[in-house]
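Residue numbers (the working numbering): 1 to 164. Note that beta-carbon positions come from the ideal geometry of N, C-alpha and C, so glycine has one too. Since the structure comes first, as structure tokens, the remarks are kept for the end.
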Amino acid sequence: MIRGKAWVYGDDVDTDVIIPGPYLRTKDIRELACHAMEGIDPDFARNVRPGDVIVAGKNFGCGSSREQAPLALREAGVACVVARSFARIFYRNAINVGLPVVEADVSCRKGDVVEVDLEDGTVTVGGVTFRGTRLPGFLLEILQDGGLVLHRRKEREGEKEGAA
Numbered sequence: 001m002i003r004g005k006a007w008v009y010g011d012d013v014d015t016d017v018i019i020p021g022p023y024l025r026t027k028d029i030r031e032l033a034c035h036a037m038e039g040i041d042p043d044f045a046r047n048v049r050p051g052d053v054i055v056a057g058k059n060f061g062c063g064s065s066r067e068q069a070p071l072a073l074r075e076a077g078v079a080c081v082v083a084r085s086f087a088r089i090f091y092r093n094a095i096n097v098g099l100p101v102v103e104a105d106v107s108c109r110k111g112d113v114v115e116v117d118l119e120d121g122t123v124t125v126g127g128v129t130f131r132g133t134r135l136p137g138f139l140l141e142i143l144q145d146g147g148l149v150l151h152r153r154k155e156r157e158g159e160k161e162g163a164a
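Structure representation (structure tokens):
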């Protein structure tokens with residue numbers, strides 16, 4: 001269960017505002033985190049706390065396919081992004097870097113406490129539960145392992161142990 005304060009944004013939040021282009025040259029993900037959401041909310045990186053949840057409208061993560069966008073959010077402390085819908089490449093990039101995402105049409109205000117149950121795809125705010133799209137088991141496994149690279153590493157180690 002993920003529980004955190006809501007950061008609320010509208011429709012069509014693109015990767016250019018999630019992590020603006022000038023910061024893409026850095027390989028330091030802590031530096032990326034310092035500029036997360038800067039293009040739409042200059043105070044976000046300073047005020048977000050570990051475990052907070054972004055709640056957005058439709059087409060979150062549209063624009064370029066930059067993997068740095070979900071990385072910046074994850075490193076800034078965002079525990080989950082809940083949106084009415086996601087740009088497909090952002091959705092998969094988020095899973096690959098270990099940032100949970102849930103498609104659900106949620107009504108809340110900035111600062112509301114949001115609870116996300118990844119296993120059943122529900123989001124609860126102020127006692128109201130919104131039913132979202134459940135993640136398939138294989139995507140949950142990737143998230144539980146910390147992202148695709150760590151998941152594949154774990155699978156390879158299991159294969160080596162099974163062969164021994």
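Spatial neighbours of residue i in its chain, beta-carbon cut-off 6 Å, leaving aside the 5 residues before and after
{"i": "V125", "result": "C108, D112, V114"}
{"i": "C80", "result": "I2, V53, P100, V116"}
{"i": "H151", "result": "I142, D145"}
{"i": "I95", "result": "L139, I142"}
{"i": "Y9", "result": "A56"}
{"i": "K154", "result": "D145"}
{"i": "I29", "result": "L71, E75"}
{"i": "I40", "result": "V17"}
8 Å Cβ shell around residue i - same chain, five flanking residues per side excluded
{"i": "C62", "result": "D12, V13, D14, T15, A87, F90"}
{"i": "E31", "result": "Y23"}
Selection from the options that minimises the alpha carbon distance to residue i
{"i": "T129", "options": "D105, E67, G21, K154", "result": "D105"}
{"i": "S64", "options": "E155, V53, I18, I95", "result": "I18"}
{"i": "V48", "options": "G57, R25, M37", "result": "M37"}
{"i": "W7", "options": "L139, L140, A56", "result": "A56"}
{"i": "G21", "options": "D43, K58, A72", "result": "A72"}
{"i": "F44", "options": "K110, K154, K27", "result": "K110"}
{"i": "N59", "options": "S85, L118, R156", "result": "S85"}
{"i": "R46", "options": "E157, H35, I40", "result": "H35"}
Distance between beta carbons of residue j and residue i, contact taken as under 8 Å
{"i": "A33", "j": "E67", "result": "So it is not a contact: roughly 14 Å between Cβ atoms."}
{"i": "V149", "j": "V82", "result": "With 8 Å as the limit, V149 and V82 do not qualify as a contact, their Cβ atoms being about 24 Å apart."}
{"i": "G146", "j": "G77", "result": "G146 to G77, Cβ: 15 Å. No contact."}
{"i": "V102", "j": "G132", "result": "5 Å"}
Contacting residues, own chain, Cβ-Cβ under 7 Å from residue i (five flanking each side not counted)
{"i": "R134", "result": "D120, G121"}
{"i": "G4", "result": "G51, D52, V53, A79, V114"}
{"i": "E159", "result": "none"}
{"i": "L24", "result": "R66, Q68"}
Environment of residue i [buried if 16+ CB atoms lie within 10 Å]
{"i": "P70", "result": "buried"}
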